[in-house]
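Colleague:
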Amino acid sequence: MSPHLIDPPLRRPLKIFALDPMRSRGAPGGLSVDIANEVGLQPGPCGERVRVVDYDGVQKRFYEPVDLDDPAILMQGGLDPTESDPRFHQQMVYAVTMRTLENFDRALGRKITFRGDKLLLVPHAFVGPNAFFEPNLKAVCFGYFPADTERPGENIPGQPIFTCLSHDIIAHEVTHALVHRMRQRFGERTNPDVLAFHEAFSDIVAIFQHFSFPSVLRDAIRKSRGNLRRRTDLVDLAAQFGHATGRGESLRTAITKPDPQLYLSTTESHARGSILVAAVFAGFFAAYQRRVEDLMRLATGGSGVLPRGELSPDLVDRLAREAAASAQSTLTMCIRAFEYLPPVDVTFGDFLRALVTADHDLQAEAGAVERNMMVDAFRERGIYATGVGSLAEAALCWPPAPDIPLMPTEFIRQQVLSDANQLDRYARATQGAAAGALSGWAKQNAEVLGLDPTEKIDPDGFHATFRVAQTGELRVEVVAQFVQDRRDDVPELRGMPLRGGATVVASADGRVRFVIAKPLDDRERVDRQLGYVRRLDAGDPAAPWAKKDEQPKLSGQMLRLLHGAARS
Amino acid sequence: MSEATIRMYNVGFGDCFLLRLPAEDGERKVHFDCGSHSASKRPRKMSEVVGQIVEDVRDADGTPRIDVVVGTHRHQDHVSGFSDEQWAEVEVREVWMPWTEHPTDPEARRIREEQSRTAHRLAMSLQLSGDTSGLLELAENQLTNAAAMETLHHGFAGSPRRRFLPGQPEEGEDPGDELADSPLGGLGVRVLGPGRAEGVIRDMDPPVGESYLRMSGILVEGEDALSSAFGDEWVVDEAEFRKGGAFEHLSLNGNVRSRLAKIASEDQLAVAVALEKAVNGTSLVIAFAIGQAVLLFPADAQWGTWEAILSDDETRKLVGRTTFLKVGHHGSHNATPRDFVELLAERRGADGDGLAAMVSTNTLKRWPKIPKAELLEALAEVTPRVARSDQGGGKRVKGFGHWGEDYIDLTVPLG
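Chains C and G supply the protein sequences, listed in that same order. Sequential numbering of the first sequence, starting at 1, is according to this note's numbering. Sequential numbering of the second sequence, starting at 1001, is according to this note's numbering.
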């Protein structure tokens, strides 16, 4: 053994299908993606945050797990894409999951974990064209199914289709797990936007990740001649799944015509979520176009009109780079907005305000034009912020907090001094002195925080964020979520409490900057929620057929993800 | 003051109502539905009930006659009795069905085909998986009930005219006029549903459709069902995934396994209830507004139809004045909106005994929530004049005549 140690590499290359097996046919080698190298990765793969267990729920048996540290696999940068080797399936699920987690880590400035557990990923869990995240088990289960026998699209009739080989389905489901990790009450249907937001966010992450695969991006730019609004692999979701289920097209797309009526009339979560996806994508597209204006003029002798025929490969490369950068910044902006979302009862309007606030806070000037474009794209789709009289940025940003005594933030020091990788351990809301100090503080200041002093206040999560502002300064902030429950005697709630709460954003010294509240005593909001729950209840087809003492929770229908989509 | 009479036949879990309305030239007989769920208890055979109906409608000249037979929707518990041969003797002037029964209307055909294909696949998959949870009975309610539907579409004596309601009025035509030339013209008859609005039609589509049935191995025989993701050569002995095994770190707890094992039956349940709701959503809703009286027969209408009725000022006022209510869907959870009951309650003060209601129902062990106790309690708050078909021999209440195990009679003042 040489005494001269070689540092373990930071990154690990792995291969995946270029989006899915059907679309990958033009790129037989698949895509090579690199993810953080987890030292000590066990067969499965089983790492620090995720665990892939290839248990076939139909036959009740386990398939051989892949050992990604096997030299034969390491030397070729991961197994080559194939549908016939379960070990490749496991590798792809792992690679796409890690890629998705890294996107969140980077945007949030902290490593997101699953509160002491590993996220369980089961690539061949059941037969059926579906995949779902199960919050109680912290598990993502993927189904497999035979392609439609009459309308298989570009697949062979009856051919097995694996949802775990679709980049989009993996990214979508893992994002559900992450959203649930950050805002667990967003799984409760308190208004028509909540589950739609869950869906939309998962689609947004899946779609914007397409832009991080250079070969997919270049190919789409070449084919669409730089017009990213053309229907290409970039903007379509789950193409093989859509075709194999007889739909004749991809499952969903980011491109839809703006129509403010849709937001008023669409209730199904996936369809409603698509409106938000389209708004974010339109905002991104406007920003991208602005970014490449000069490039297009340069490439066309000032006319901006592209000549016939193939684009120059140099231009394709440059456009791809700009598109990738715009996409990454849009995705980062969306994920960052999370810190500014209320803990319960979210609406698309809240998300718009959070987007604007988060970005304004970090890059007030540099991002102004892009933000405006985003606001416009939302407006064109009928998404406004409630209670905001104007679309001016100052009005859209959450209002600055009133004077509130300093929030206790000692826990930041602990977090900074501890292993950076372990930061999240301190987010365990119910534990530790910090939680006690925070809830005591919240109780004392309940009224300004929009909380009800007569009800119990639970700190539902708190953490520090570390971000670099436009000026280059490191900005350390604290985000804490407080949640309150009240059990009202409303049968339609079926035992689910009414919830209120507030997200508080403070600077490192405890000065409160924003209070984003959904007060429990906001009678109008509560009435709106009850009205909505009553409608759900009235339309619940399962209710009459329930067994004795069975109270199926309305929220229990959440997150069987592709089911709803199969309707449209 | 003239009166209408309503006879509710006890058919167990099902509907069967005979309405007699006074008219200038005698009376009109309207018969709503004749069906019973296969899972239900019945005090007597369906053929005996039909036999009684035939006698009940027999005119002085010896011929049984009904002016209008209404087949509200094609569920077994509403139409099964029409398969009985005794109906061939009954002279019927018109048969009314929802527009979704129209033989050639493309949208109607699409909805029917979608519903019956889903029903067949569901029933087959339940038979294949040897269902014991009672879902099969629920599924059977949806099957086409071919013989009964044949009677409604082509049977009865007297070559009745068929109407599919509401029709699509020509331009400039008042939709209220479509029944002016029917035997019930001039009797204030109104068709309140099913509409053709998007929300109503969405309610009629089995929302999960056929693709749903491909899930979870609900595959029908003859299709290439996948039995496993990979061949035996990839399987590793389970012992390796337990404590002490090579892949101990990949062990799976029982919660995950049992969750996965339940997926197939959950999907079947979801399809069954969604389909039941979809077919109920085609229910033909009829009201008679005669003087101050409003007689409402909402069949098994679901939220989509009710929402359309309650969100229109004129129809909302109309149903708010209801003096007789056939309680929807055997008193179940989602066929009588709370909003509607509150509307009825508002009137209570002004006219204490202005409402009578009939619930044709039968509590089955497997569906203990039908009828819904809270709904019956809320109705009881509005009026003491509520009769349940399965509680014959009850206490005599104003307006009710014969109150037996076999049928219950009610007289409703008109004008």
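Note that beta-carbon positions come from the ideal geometry of N, C-alpha and C, so glycine has one too. None of the values given here were measured: they were computed from a predicted structure.
1. Considering residue 538 (chain C), what are the terminal residues of the beta strand (DSSP E) in which it resides?
2. Between the Cα of residue 150 (chain C) and those of C:143, C:322, C:244, spot the shortest distance and give me the residue it belongs to.
3. Between the stretch 1145-1170 of chain G and chain D, which residues of the former have a C-beta closer than 8 Å to a C-beta of the latter?
4. Between C:275, C:9, C:21, which lies nearest to residue 160 (chain C) when the distance is taken from Cα to Cα?
5. Would you call the stretch 1327-1337 of chain G in contact with the stretch 1367-1383 of chain G, where contact means no fewer than 3 C-beta pairs closer than 8 Å?
6. Please compile the residues from chain C whose C-beta is within a distance smaller than 8 Å of the C-beta of residue 1337 (chain G).
7. How is residue 1397 (chain G) classed by DSSP in three states: helix, strand or coil?
8. In three-state terms, what does DSSP make of residue 152 (chain C)?
9. Tell me whether the beta-carbon of residue 533 (chain C) lies closer than 7 Å to the beta-carbon of residue 493 (chain C).
10. Select from C:263, C:512, C:46, C:316 the residue whose C-alpha is nearest the C-alpha of residue 197 (chain C).
11. Is it right to say residue 1046 (chain G) is buried, meaning 16 or more other beta carbons lie within 10 angstroms of its own, or is it exposed?
12. Any Cβ of chain C within less than 7 Å of the Cβ of residue 1260 (chain G)?
13. Please list, in chain order, the residues of the stretch 1230-1242 of chain G that have any C-beta partner in chain C closer than 7 Å.
14. Give me the subset of the stretch 53-71 of chain C whose CB atoms are less than 9 Å from a CB atom of chain G, sorted by chain position.
15. Can you name, in chain order, every residue of its own chain whose Cβ lies under 7 Å from the Cβ of residue 617 (chain C), other than the five neighbours on each side?
16. List the endpoints of the continuous alpha helix (DSSP H) containing residue 269 (chain C).
17. Look at the alpha carbon of residue 1316 (chain G) and the alpha carbon of residue 1309 (chain G), and state the distance between them as a whole number of angstroms.
18. Helix, strand or coil: how does DSSP classify residue 1222 (chain G) here?
19. Counting only runs that start and end within the stretch 1041-1093 of chain G, where is the alpha helix (DSSP H) found for 4 or more residues in a row?
20. When the Cα atoms are used, what is the spatial distance from residue 451 (chain C) to residue 1189 (chain G)?
21. Taking only beta-carbon atoms, is residue 1216 (chain G) less than 7 Å away from chain C?
22. Compute the beta-carbon to beta-carbon distance between residue 140 (chain C) and residue 102 (chain C), rounded to the nearest angstrom, for a pair I have assumed lies under 8 Å.
23. For the candidate residues C:135, C:483, C:130, C:36, whose alpha-carbon lies nearest to that of residue 118 (chain C)?
24. Report the residue from C:211, C:349, C:357 whose alpha carbon sits nearest the alpha carbon of residue 31 (chain C).
25. Going straight from the alpha carbon of residue 569 (chain C) to that of residue 268 (chain C), what length do you get?
26. Using C-beta distances below 8 Å, list every residue in its chain close to residue 9 (chain C), excluding the 5 sequence neighbours before and after it, in chain order.
27. What residues from chain C crowd round residue 1319 (chain G), counting only those whose CB sits closer than 7 Å?
28. Between residue 1247 (chain G) and chain C, is the shortest Cβ-Cβ distance under 7 Å, so that the two count as touching?
29. What separation, rounded to the nearest whole angstrom, lies between the Cα atoms of residue 1158 (chain G) and residue 1343 (chain G)?
30. Is residue 4 (chain C) buried or exposed, if buried means 16 or more other CB atoms sit within 10 Å of its CB?
31. Does residue 1329 (chain G) pass the burial test, meaning 16 or more other C-beta atoms within 10 Å, or should it be called exposed?
32. Could you give the distance in angstroms between the alpha-carbon of residue 1214 (chain G) and the alpha-carbon of residue 1291 (chain G)?
33. Can you name, in chain order, every residue of its own chain whose Cβ lies under 7 Å from the Cβ of residue 1149 (chain G), other than the five neighbours on each side?
34. Can you confirm whether residue 126 (chain C), when its beta carbon is compared against all beta carbons of chain G, has any partner nearer than 7 Å?
35. Just how far apart, CA to CA, sit residue 369 (chain C) and residue 483 (chain C)?
36. Leaving out the 5 sequence neighbours to the left and right, which residues in its chain are closer than 7 Å to residue 15 (chain C) when beta-carbon positions are compared?
Modeller: Judging by the given coordinates:
1. Stepping through the first sequence from its first residue, residue 538 (chain C) is reached at position 538. Not the beta strand (DSSP E): residue 538 (chain C) falls in the alpha helix (DSSP H), residues 523-538.
2. Locating residue 150 (chain C) in the first sequence gives position 150, counting from the first residue. Comparing alpha-carbon positions, the option among C:143, C:322, C:244 lying closest to residue 150 (chain C) turns out to be C:244.
3. This model lacks chain D altogether, as its protein chains are C and G.
4. The residue given as residue 160 (chain C) occupies position 160 in the first sequence. Across the set C:275, C:9, C:21, the C-alpha of C:21 shows the shortest separation from the C-alpha of residue 160 (chain C).
5. Two segments are said to touch when three or more pairs of C-beta atoms, one from each, lie closer than 8 Å; by this definition the stretch 1327-1337 of chain G touches the stretch 1367-1383 of chain G.
6. The residue labelled residue 1337 (chain G) in the question sits at position 337 within the second sequence. Here the neighbours are 538.
7. One-based indexing of the second sequence puts residue 1397 (chain G) at position 397. Residue 1397 (chain G) falls in the coil class under three-state DSSP.
8. Position 152 of the first sequence, counted from the start, is the residue given in the question as residue 152 (chain C). Looking at residue 152 (chain C) - three-state DSSP - the assignment turns out to be coil, as it is neither helix nor strand.
9. Within the first sequence, residue 533 (chain C) is the residue found at index 533, counting from 1. Within the first sequence, residue 493 (chain C) is the residue found at index 493, counting from 1. Yes, the Cβ-Cβ distance between residue 533 (chain C) and residue 493 (chain C) is below 7 Å.
10. Walking along the first sequence from the start, residue 197 (chain C) turns up at place 197. When each option's Cα is compared against that of residue 197 (chain C), the closest is C:263.
11. Translated into positions along the second sequence, residue 1046 (chain G) becomes position 46. With 16 or more other Cβ atoms within 10 Å, it is buried.
12. Translated into the one-based positions of the second sequence, residue 1260 (chain G) becomes position 260. Yes, residue 1260 (chain G) counts as interfacial toward chain C.
13. The residues in question are 1230, 1234, 1235, 1236, 1238, 1241.
14. Of all residues in the stretch 53-71 of chain C, 53, 54, 55, 56, 57, 58, 59, 60, 61, 62, 63, 64, 65 have a Cβ within less than 9 Å of some Cβ in chain G.
15. With chain C running from 1 to 568 in the structure shown, residue 617 (chain C) is simply not present.
16. Here residue 269 (chain C) refers to the residue found at position 269 when the first sequence is read from its first residue. Start and end: 269-299.
17. In the second sequence, residue 1316 (chain G) corresponds to position 316, counting from 1. In the second sequence, residue 1309 (chain G) corresponds to position 309, counting from 1. Their backbone Cα atoms lie some 6 Å apart in a straight line.
18. Here residue 1222 (chain G) refers to the residue found at position 222 when the second sequence is read from its first residue. The pLDDT assigned to residue 1222 (chain G) is 46, lower than 50, so where the model puts this residue is not dependable, and the model offers no usable value.
19. Runs of the alpha helix (DSSP H) lying entirely within the stretch 1041-1093 of chain G and spanning at least 4 residues, in chain order: 1046-1056, 1076-1079.
20. As a first step, residue 451 (chain C) must be located in the first sequence, where it is residue number 451. As a first step, residue 1189 (chain G) must be located in the second sequence, where it is residue number 189. Roughly 54 Å between the two C-alpha positions.
21. Residue mapping note: residue 1216 (chain G) aligns to position 216 of the second sequence, counting from 1. The predicted position of residue 1216 (chain G) is uncertain, since its pLDDT is 41 and thus under 50; no value can be drawn from it.
22. Numbered from its first residue, the first sequence carries residue 140 (chain C) at position 140. Numbered from its first residue, the first sequence carries residue 102 (chain C) at position 102. In fact, because the Cβ distance is near 17 Å, the residues do not count as touching under 8 Å.
23. As a first step, residue 118 (chain C) must be located in the first sequence, where it is residue number 118. With distances taken between Cα atoms, residue 118 (chain C) lies closest to C:135.
24. In the first sequence, counting from the first residue as 1, residue 31 (chain C) sits at position 31. Considering only alpha carbons, the answer is C:211.
25. With chain C covering 1 to 568 only, the question about residue 569 (chain C) has no answer from this structure.
26. Counting from 1 along the first sequence, the entry for residue 9 (chain C) is found at position 9. The residues 37, in chain order, have a CB closer than 8 Å to that of residue 9 (chain C) in the same chain once the five nearest residues on each side in sequence are set aside.
27. Numbered from 1 along the second sequence, position 319 holds the residue referred to as residue 1319 (chain G). Those do not exist, as residue 1319 (chain G) stays about 16 Å from chain C at its closest Cβ, beyond 7 Å.
28. Start at 1 with the first residue of the second sequence, and residue 1247 (chain G) comes out as number 247. Contact with chain C is found for residue 1247 (chain G), since one of that chain's Cβ atoms lies less than 7 Å from the residue's Cβ.
29. Your numbering for residue 1158 (chain G) matches position 158 in the second sequence. Your numbering for residue 1343 (chain G) matches position 343 in the second sequence. Each residue's alpha carbon lies about 41 Å from the other.
30. For the purposes of this step, residue 4 (chain C) is taken as the residue at position 4 of the first sequence. When all chains shown are included, residue 4 (chain C) counts as exposed.
31. Position 329 of the second sequence, counting from 1, holds the residue named residue 1329 (chain G). The residue in question, residue 1329 (chain G), is buried, as its Cβ has 16 or more Cβ neighbours within 10 Å.
32. Counted from its first residue, the second sequence places residue 1214 (chain G) at position 214. Counted from its first residue, the second sequence places residue 1291 (chain G) at position 291. Because the pLDDT at residue 1214 (chain G) is just 49, under 50, the model does not fix this residue reliably, and the value given afterwards should be weighed accordingly. Taking the CA atoms as reference points, residue 1214 (chain G) sits about 53 Å from residue 1291 (chain G).
33. Walking along the second sequence from the start, residue 1149 (chain G) turns up at place 149. Within the same chain, residue 1149 (chain G) has close Cβ partners 1074, 1079.
34. Here residue 126 (chain C) refers to the residue found at position 126 of the first sequence. Closer than 7 Å to the CB of residue 126 (chain C) there is at least one CB belonging to chain G.
35. Within the first sequence, the letter at position 369 stands for residue 369 (chain C). Within the first sequence, the letter at position 483 stands for residue 483 (chain C). A direct Cα-Cα distance of roughly 35 Å separates residue 369 (chain C) from residue 483 (chain C).
36. As a first step, residue 15 (chain C) is located in the first sequence; it is residue number 15 there, counting from the start. Excluding positions up to five away in sequence, the list reads 30, 31, 32, 77, 78, 79, 80, 81.
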